[in-house]
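Undergrad: I have a structure I would like to understand better, so I am pasting it below and will then ask my questions one at a time.
Protein chains in written order, with my numbering: chain D, 251 to 698; chain B, 251 to 698; chain Y, 251 to 698; chain G, 251 to 698.
This is the structure:
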C-alpha cells in the first residue's frame, strides 16, 4: 500500500474529486480496467475464450495488488506495467494467464489508463465548474443592475455593474468548461498497438480488437494507435491550462475586491474559516486564495506536456514517461482550483453599500467622461475637456460642477444629477448580462 | 519606419507567412482596420454620418504613419493606440476627426487587432500545415507496405512500415490543423466595450455597434466584451502549442532517421542546401532541424499566455500588455515550424535499401517475438522463451534458428523464412494507413 | 538593412539598453567582433600574419553588410554565420581572406556573439537595477519609521513601515543584481572548438588559440569548448528570470498601493503621463504596469532555455537554434522591466496621510493582536482573546476598548493610547531597514 | 498517516534521496524542527524559560501527529501550520504551550521548513551528482584518447574522443553541482518575521531572536524576513533547472549512442534490467531514459516558481501557496534525474569496436576536411575543395584518394594513411580532457 489518505497539503492544494481520480490507486485500477477490457476484446473477436477473459476480469481489482511493491519493481523495466502484468498473470493462473496483456505493450495499458484517469478527473472538474457557473449566474442575475466602480489598471475608471462582473466570470467558466467537455468527448481515445503500433500480434483481427477494446473502455476509437502522436495530450493540456487560468482570473477578482480598503466582497465563513483570533478584523478569502494558488501552478505543467509532444519513432525514450506525473498534477491543480472556486462563489457576500461608497469616493470624478460628453455639444470637445480638467482639481468635483457657471449654463440640475448618478452610467451592462446568461444557458443545455 | 525586411535570424527562425502577418506594420494596419470598422459601425447605426466614416476609412493606411514615432509616443500612456488615435484624428481633420475612436478604449482596438493578426497568421500556418499533410499523405500511400524497423526507446523492436510512420505524421498534423481551424472560426472575436466594458458611450445602441463592428471585421460577434475574460487567448495558445509540438515531433523523426548511422531519410538539397564543402559526407536535414528549433520555443510562450489569463477587474495592469509580443512570437514560431516542415517533407528522400539493411542488422533478432509465438504452441511459452533467449546469443540468430533441431523440428524452412520476413511482420500497418488517410481526408474535405 | 529603429511596442515592452544590445545589428557586430578576434588570436600564436589579421579586423564592421541579405542566405545552411563568412571573405579579399573563420565552426562564432550580446545587455540591465536600488534605498531611509498598514493575503494585518517595504524592494533587487554580476563575470565564456569541438584545425596550438581568443573578446576562458554543455545558458536564464521576478514583485506592490481605494503611492507624471483627459481622476502607474508586463514574460522564456539545455552529441539539431531568439527576448524583457522600474521608483510619490488614514480605517482593529497581548497577563490568554473578539464587533474597536471596564481595569489611558498608536507597533522595522541598507551597500561597494 | 511508502511511479520518476526528503513526513518534521528551534531561540534571549523550550522540543516529533487530520484541518485557514500549532499546543500542555509558535506567523514556519526540506534534498542530489561526476571522470580518463565519430546535427562530422565526450559530461555536472552548493550555502535562510514581518512581538529582541533561530536551524541568517522577497526561491529554482537540464543532456547522449544502429554505449543490466524476453535484442538504457524523463519535467516547474516570485505586500494571496508543491516536485525530479544518471554512468559499457566501425562507415569521408587542408597548399584551396567533392562521390572515398594521381602526386602513402587515421584527427581532445579534469577536481576539492 502506498497512500492512505490525503496528505498534508492536499486539502489546500488538491481539493475536489480530481485528487481522488489521480491517486496511485486510481491509476492502478485504470490499468487493471484496461487489462480486463483487453481480455474481453480478444475473446469477443474469437482470439480467446470468454471464460478466460472472465477469469482475468475478476482478478483486476486494485486492492489485490501491493502498490509499493509494484512501484519498486517498476525500476528495472522503466514502467509499472511490466511488474503488474507479472503479478496479474500469477494471480490469474493458467490457463487464462496466457491471455493477460495479449498482444499489448506497456504503453497501451498506461496510455489507456491515463485516458481513463483523465476522464474521471474531468468529470469531477466539470461538476465543480458547473457549480461555480451556477453561483456566478445567480450573482449575475441578482446584481444585474447594481452599480459598482469599474476599475482599469487597478484605478477607478467609470461605473459598471457587479452583475456584469459576475457574468464575465460565468462567460469564462462556461467557455473553459465547454472546451473541457469537447476534449473529453472527442479526444480521450483508447490506446492499443502492440510493440511497434502495428497490432501485429492479433493477426488479421488487429483493428477489430482495437475497436472492441476502445468500446469496452468507453473511450473514443482512434483511427490508429497513437504511441508517439501526442496531439491528444496537447489539446487536453491546453484545455486544462485555460480552465485553470479562468478559475484564477475569477479568484483574482474576488481577492482584489475583498481587500480591506475595497471591501466589496467577502467569503462568508464557517466558524474559524479565514479568520484569526489575534486579528479579528481579518477575513481572509481563503477559498479564492487557494483557487489562485492552484491556477498559478498550471501553466508550467502545460508547458511540460507540450514540450513532451515531440516523441521520436515508435515510443519515446523519456518524453512519454515525463507525461505521467505532469498530467496527474495538472488534473489535480485544475480540479483544486475549480473546487475552491465553487466553494468561494457559493459563500460570497456582496456589500452593495461599499460598492456605492467606493463609487462616491472620487466625488464625482468617476463620471468625468460623461460630463465632458454632455458639455461638448455646447462648448466644443476641447473646451469641455479643459473645463473638466480644471474642475477635477477641486476638493469635490461634483460640488465644483454644481457651482460653476460655465457648467450650469449648459446643464440644469436634473441633467447634472443624472450625469453624477452611477445607475445612469452603466450603459449596456444589464443587456450584456442577459446576453451572457442566454449564451451560457444554451451551452449548458446542449451539454446535458 | 521601423522594420525594413526580415532580420538576421528570420529566414531560419521565422519562415513562412506568419512572420509577415505579425510585423509591426501588420499590427498597425490591423489597428487601423479596427478604427475604420468602428467608424463604419457607428455610422451604420446612425451615430455618425457615412461621409465621416468614409473619411476615417480612407485615412486608415499604415503607410501614412511613422511606426517608430508612434512607438516612442506609446511610452507615456502605456500602449500605442493612444498616439495612433491622436495621429489619426489629425490626419482625418474636422469634422470627421470627432468620429475617430468613438466610444472605444485602447484595448478594444488592440485586442481586435490581435485577433486580426492571429487570423491572418493562422491562415498562413494552415496553408503550410496543409502542404505538410499532403506530403505526408503521399508518403503514407507510397510506402504503405514498405517494411522498416520499428524502434521503441530508440532501440529496434519489431517491424513497421514507413507508410505507417508517415500516416502517423499525417494524423498528428491533421488533428492540430483541425483544432487551429476550430479556434479560428469559433473563438477569434472582435473586442468592443469602451472604458469599462459597458458600451456606455453608445447609449442604447451599444450592443448593435458591437455586432456591426464585429461583422465589419469579419470576426466572431462575442456575447459581450471580453477585456479581462481571456479564455480565447488561452485556447488559441493551447492550439498553437499543440500544433508546434506535432510539427516538432515529425521533425524529430526525420532528424533521427537521417542520422549517418541510420540513413533511411534525407532532405534532397538544392545546391549547397544542408551541405558543407569541407565535409561532403554531411547532408544536414536543415529544414527538419529548423522545424524542431521552432517547436522548442512554443511551450514557454504558451505558458506565458496561460499565466496571463488571470486579468483583474475591468483591465489588467500588466497581464494584458504581456500578451502582445508573446502572442506574436507564438504565431511566428508555430508558423515557422509549419513552413519548414512542409519544405522538409516536400524534399524528403526515402532510402528503402537502408530500411531493408537496418532491418537485417540484428540478423533476425527483430523477429524474435514472432519466433517465440510460433514455437510456443509446440514447446510451451516458457520453453520457447528460453530457447529463443539462448539462440539470441549466437552470432546470427537467423542462422542459429535454421540449424537448431529444437526449432527445425517444429518449423519447416518455409515457415521459418516467413517468420524472418519483415514483410510478413507488419501486422495491420497497411490497414492503419488506410484508416488514417480516410479520416484525415474526410476532415480536410469538411474543412474546405 | 533590416531594422531602422525601435518598433511599435518597444517603448512599452522593450525599454532600456537591453533592446539596443539585442538588435540584429548588435548580433551582427558581435559576430564580426568574434571573427576579428579569431584572426588576431591565430596571428598571435603564429598561425597567421599580423597584417592579415589586421585586414580582417578592419572589415569587421556591421555597416558593411546587408542584414536582410545575410538573413535570407542563412536559410540554406541553417544559420547566418555561413553567409556572413562568405561575405566577409569576399570583402577581405586574398590573401587575408584565407584567415577568415580559420578553424572555426559556425557555433563558435554564434555562441561567442551570444555571450557578447548577453554581456552588453547585462551591463545595461545592471545600470537600471542600480538606479532602481538607489531609489529604493532613498525611500527606505526617508520612510524608515513611517507607519503603514501591513497587509497579508491583501487584508490589513498589523502595522509596518513604508521604509521596510522599500528596503525589502532593495533587498530583492540587490540580490538579483548580485547574481547577474556573478553570472556575467564567471560564466560568460568565449566559444571556440571547430567542427567537433576538438580544436583540431589549429594543430598543437589549439588550446592556446582558444585562450587568446577569449582574452581578445574579454570573455571568460573556458576549460574547453562547450558546444553542447549549456549550463552557462541555464545559469544565465535562471538569474535573468529571478531578476525579472523581483522587478515584477516590486512593481506589483506599487500597482496595488496605487489603487484608487488605497492611494498610498502614485507615479508623478510628466504632462500626460499615465493620465487621461476623459478620466482626470486616473493616474495610471504606467511605469509599474509596464515593469509587470515585462516580468510576466520571463518565466516562459526561461523554461524554453532550460528545456534547450539537453543538446545531443557535438552540436544539437534544433535545441541550439532555439536559444538565439529566446535569449534575446529574455534579455529584452528583463531589461525592460529594470528600466521601467527605475523610472517608476524615481518618480514615486508617497502619500503618508493616506497611509495614516488607512491605518485608522479599522478603528483600531489593526492593533487587536497587541491588545490581546497586553491583556493576557492579567486576564489569561483565552479570556483576553474572547474579550477582544467580542469588542471587535463594535462600530469602533478603539472606542469600545476605551469604554469597557474589563479593559480599563487593566490598561490605563496612556497604555491604551500607546497600544493604538501605529508608531509604537512597528517592531523591528527600522532596525531591519538598517540591516538591509548595510548589507546591500556592502554588496554594491564590493561590486564596484 | 498519509503516505506509507513510495508510490506506483516513484521508483521510475522519483528515485533517490530527494523523494524521501520531500515527503509529507519530511515537511512535517521540518515544521516541527522550526517550532522547536523557535522555542529555544526565545529562551536563549530570555523571552521564555529553558524548561518550557525543552518541553516544546520533546513534543516536536512528526510521529506524534496525524498527517491526514492536519491536512484536512488546513483547509479552513489555508495552510497546515495553523492546525499543527493547535495540535502541538495541546500536546505540550500548559504552561509551555504558551511558548509554542511565539511571535511567529504561519509563513515563518512553512518557509523555514521549505528551506530545511530543500537543504536535505540538495544534500541527496549533491551525493548523486558527485557519484555521476566520479563515473564521468573515470570514463574521461579511460577513454581520453579513444577516437569516436563526432556528430553535429546528428550527422557524422569529424572525429573526437569518447574521453572528451565524457569530460564534457563531467564539466556540465560539475558546474551544476557547484551552483547548487552555492545556493545551498548562501541562500537557504531561515524565515522569521511575525504577522507582517516586523518581529514586533519580540519587543526589542526581535533581530536577536531571528539570529538565534536561524543558527538553531543551521540556516543562513537573513538581513531581514523575506516573506514576499522571493529571490532565494528563484535562484534555487534556476540552479535546480540547470542541474536537471545538464542531467538530461548527458542522458540524451547515452540514449542516442545506445541506439541499435549506433551501438557505442549500453547500460549493463542486472538480470532483466532493460531487457525483454520477447525481444532479446533490446537492451533499453532504462536509467538514461528515466533520467531524461526527470529532466523534461523541470523547466515547467521552474517557470512556476519564477512566475510566483512577484508576491504582493506582506504576504501573497496565492503565489506563496503555489510554491509548496512546485518546489517539492522540482527537488524530486532533479533528484531523480541525478540518481538515475549516477546509476546509468556507473553501469555504462563502452563498445570501442563499434566506435571504430562507425568511424569507418563513411569510407574516409569523415576525414575530408583534413584532406582538403592537406591538398590546399599544393593545389590551392578551391581546387582542393573541388577535387575532394568530386572524389566524395566514389563508392569508397579512401580508395579513390589512394588511386587518384592528383592526390598521390601531393601526398605519399604515409601521409595519406595518417590523414585517414582517426587517432591522428582528434586534435586537442586529450588536452581538453585534462583541462576539464583539472578544473573540476579543483572545484570538488574546494567543495569538500
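No residue lacks a Cβ here, since even glycine has one placed at the ideal position from N, Cα and C.
How about residue 423 of chain B and residue 382 of chain B: do their beta carbons lie closer than 8 Å?
TA: Numbered from its first residue, the second chain carries residue 423 of chain B at position 173. Numbered from its first residue, the second chain carries residue 382 of chain B at position 132. The answer is yes: Cβ separation under 8 Å.
Undergrad: Taking all protein chains shown into account, decide if residue 385 of chain G is buried (16 or more other Cβ within 10 angstroms of its Cβ) or exposed.
TA: For the purposes of this step, residue 385 of chain G is taken as residue 135 along the fourth chain, with counting starting at 1. The residue in question, residue 385 of chain G, is buried, as its Cβ has 16 or more Cβ neighbours within 10 Å.
Undergrad: Comparing alpha-carbon positions, which option in D:403, D:450, D:313 and D:393 lies nearest residue 410 of chain D?
TA: The residue given as residue 410 of chain D occupies position 160 in the first chain. Residue D:393 is the option with its Cα nearest to residue 410 of chain D.
Undergrad: Counting only Cβ-Cβ distances shorter than 8 Å, please list the residues of the stretch 316-333 of chain G near chain D, keeping chain order.
TA: The residues in question are 317, 318, 320, 321, 322, 323, 324, 325, 326, 327, 328, 329 and 330.
Undergrad: Taking only the alpha-carbon atoms, compute the straight-line gap between residue 536 of chain G and residue 449 of chain G and give it to the nearest angstrom.
TA: Indexing the fourth chain from 1 puts residue 536 of chain G at position 286. Indexing the fourth chain from 1 puts residue 449 of chain G at position 199. Those two C-alpha atoms are separated by around 51 Å.
Undergrad: Give, in chain order, every unbroken run of the beta strand (DSSP E) that is at least 3 residues long and sits entirely within the stretch 340-405 of chain B.
TA: Runs of the beta strand (DSSP E) inside the stretch 340-405 of chain B: 397-402.
Undergrad: Tell me whether the beta-carbon of residue 546 of chain B lies closer than 8 Å to the beta-carbon of residue 554 of chain Y.
TA: Mapped onto the second chain, residue 546 of chain B falls at position 296. Mapped onto the third chain, residue 554 of chain Y falls at position 304. A contact, by the Cβ cut-off of 8 Å.
Undergrad: Contact criterion: CB-CB distance below 8 Å. Does residue 339 of chain B meet it with respect to chain D?
TA: Numbered from 1 along the second chain, position 89 holds the residue referred to as residue 339 of chain B. Chain D, which has no Cβ nearer than 8 Å to the Cβ of residue 339 of chain B, makes this no.
Undergrad: Here's the rule I'm using: 16 or more other beta-carbon atoms within 10 Å means buried, otherwise exposed. How should residue 602 of chain B be labelled?
TA: Along the second chain, one-based indexing puts residue 602 of chain B at 352. Per the 10 Å Cβ criterion, exposed.
Undergrad: Shortest alpha-carbon distance to residue 355 of chain B belongs to which of B:438, B:279, B:303 and B:476?
TA: The residue labelled residue 355 of chain B in the question sits at position 105 within the second chain. Cα-wise, what sits closest to residue 355 of chain B is B:476.
Undergrad: On the DSSP letters alone, give me the boundaries of the alpha helix (DSSP H) that residue 578 of chain G sits inside.
TA: Within the fourth chain, numbered from 1, the residue matching residue 578 of chain G stands at position 328. Segment 571-596, the alpha helix (DSSP H) holding residue 578 of chain G.
Undergrad: Taking C-beta to C-beta, are residue 566 of chain G and residue 493 of chain G nearer than 8 Å?
TA: For the purposes of this step, residue 566 of chain G is taken as residue 316 along the fourth chain, with counting starting at 1. For the purposes of this step, residue 493 of chain G is taken as residue 243 along the fourth chain, with counting starting at 1. No, these two residues do not count as a Cβ contact at 8 Å.
Undergrad: Do you know whose CA, among D:618, D:543 and D:605, lies nearest residue 591 of chain D's CA?
TA: On the first chain, residue 591 of chain D is found 341 positions in, with the first residue counted as 1. Residue 591 of chain D has its Cα closest to that of D:543, out of D:618, D:543 and D:605.
Undergrad: Give a yes or no on whether 8 Å exceeds the smallest Cβ distance from residue 496 of chain D to chain B.
TA: Taking the first residue of the first chain as position 1, residue 496 of chain D is located at position 246. Cβ-Cβ to chain B under 8 Å: yes for residue 496 of chain D.
Undergrad: With a threshold of 16 other CB atoms inside 10 Å of the CB of residue 340 of chain Y, please say whether the residue is buried or exposed.
TA: On the third chain, residue 340 of chain Y is found 90 positions in, with the first residue counted as 1. Classification of residue 340 of chain Y: exposed, given that the 10 Å Cβ count is below 16.
Undergrad: What is the residue span of the beta strand (DSSP E) that residue 515 of chain G lies within?
TA: Numbered from its first residue, the fourth chain carries residue 515 of chain G at position 265. Here the beta strand (DSSP E) through residue 515 of chain G covers 515-517.
Undergrad: Have a look at Y:405, Y:459, Y:429 and Y:397 and flag the residue whose alpha-carbon is nearest the alpha-carbon of residue 416 of chain Y.
TA: For the purposes of this step, residue 416 of chain Y is identified with residue 166 of the third chain, where counting begins at 1. If we check each option's Cα against that of residue 416 of chain Y, Y:397 comes out closest.
Undergrad: Run the CB neighbour count on residue 313 of chain G, radius 10 Å, all protein chains shown included, and call it buried at 16 or more, exposed below.
TA: Taking the fourth chain and counting its residues from 1, one reaches residue 313 of chain G at position 63. Exposed.
Undergrad: With a cut-off of 8 Å on the beta carbons, I'd call residue 261 of chain B and residue 327 of chain Y a contact; round off their distance for me.
TA: Locating residue 261 of chain B in the second chain gives position 11, where the first residue counts as 1. Locating residue 327 of chain Y in the third chain gives position 77, where the first residue counts as 1. So it is not a contact: roughly 10 Å between Cβ atoms.
Undergrad: Closer than 9 Å, Cβ to Cβ, to anything on chain Y: give me those residues from the stretch 258-270 of chain B, in chain order.
TA: Answer in chain order: 258, 259, 260, 261, 262, 263, 264 and 265.
Undergrad: Counting only C-beta atoms, is residue 458 of chain Y closer than 8 Å to chain D at any point?
TA: Within the third chain, residue 458 of chain Y is the residue found at index 208, counting from 1. Chain D, which has no Cβ nearer than 8 Å to the Cβ of residue 458 of chain Y, makes this no.
Undergrad: In whole angstroms, what is the alpha-carbon distance linking residue 561 of chain G and residue 540 of chain Y?
TA: Locating residue 561 of chain G in the fourth chain gives position 311, where the first residue counts as 1. Locating residue 540 of chain Y in the third chain gives position 290, where the first residue counts as 1. Spanning the two alpha carbons is a distance of roughly 17 Å.
Undergrad: Taking only beta-carbon positions, decide if residue 465 of chain D is within less than 8 Å of chain B.
TA: Residue 465 of chain D sits at position 215 when you count from the first residue of the first chain. Answer no: the Cβ-Cβ gap between residue 465 of chain D and chain B never drops below 8 Å.
Undergrad: To which residues of the same chain is residue 482 of chain G closer than 6 Å at the C-beta, ignoring the five residues directly before and after it?
TA: Taking the first residue of the fourth chain as position 1, residue 482 of chain G is located at position 232. Closer than 6 Å at Cβ, skipping near neighbours: 437.
Undergrad: Under three-state DSSP, which class holds residue 480 of chain G?
TA: Here residue 480 of chain G refers to the residue found at position 230 of the fourth chain. Note: residue 480 of chain G maps to coil in three-state DSSP.
Undergrad: Going by the CB atoms, is the gap between residue 479 of chain D and residue 418 of chain B shorter than 8 Å?
TA: Reading the second chain from its first residue, position 168 is the one you call residue 418 of chain B. Reading the first chain from its first residue, position 229 is the one you call residue 479 of chain D. Result yes, Cβ atoms of residue 418 of chain B and residue 479 of chain D sit closer than 8 Å.
Undergrad: If you reduce the DSSP assignment to three classes, tell me which class residue 566 of chain Y lands in.
TA: Position 316 of the third chain, counting from 1, holds the residue named residue 566 of chain Y. In the structure shown, residue 566 of chain Y sits in coil (DSSP, three-state: anything other than H, G, I, E or B).
Undergrad: How is residue 471 of chain Y classed by DSSP in three states: helix, strand or coil?
TA: Working through the third chain from its first residue, we reach residue 471 of chain Y at position 221. Here residue 471 of chain Y sits in coil by DSSP.
Undergrad: May I ask you to verify whether the stretch 598-614 of chain Y touches the stretch 630-640 of chain Y, counting CB pairs closer than 8 Å and requiring at least 3?
TA: No: the two stretches stay apart, fewer than three of their Cβ pairs being nearer than 8 Å.
Undergrad: How far does the alpha helix (DSSP H) with residue 653 of chain B in it extend, from its first residue to its last?
TA: Position 403 of the second chain, counted from the first residue, corresponds to residue 653 of chain B. First-last of the alpha helix (DSSP H) with residue 653 of chain B: 647-653.
Undergrad: Leaving out five residues before and five after residue 294 of chain D in sequence, what residues of the same chain have Cβ atoms less than 7 Å from its Cβ?
TA: Within the first chain, the letter at position 44 stands for residue 294 of chain D. Closer than 7 Å at the Cβ level, and outside the excluded window around residue 294 of chain D, lie 462.
Undergrad: Determine the extent of the alpha helix (DSSP H) in which residue 309 of chain G is found, giving its start and end residues.
TA: Looking up residue 309 of chain G in the fourth chain gives position 59. Looking at the DSSP string, the run of the alpha helix (DSSP H) that includes residue 309 of chain G is 300-309.
Undergrad: For residue 508 of chain D, return the contacting residues in chain Y, with the cut-off set at a CB-CB distance below 8 Å.
TA: For the purposes of this step, residue 508 of chain D is taken as the residue at position 258 of the first chain. Here the neighbours are 404 and 405.
Undergrad: Counting only Cβ pairs nearer than 7 Å, list the residues of chain Y close to residue 530 of chain D.
TA: In the first chain, the residue the question calls residue 530 of chain D occupies position 280. What residue 530 of chain D touches in chain Y: 615, 618, 638, 639 and 642.
Undergrad: Any idea what DSSP makes of residue 523 of chain G, helix, strand or coil?
TA: Residue numbering aside, residue 523 of chain G sits at position 273 when the fourth chain is read from its first letter. If DSSP states are grouped into helix, strand and coil, residue 523 of chain G belongs with coil.
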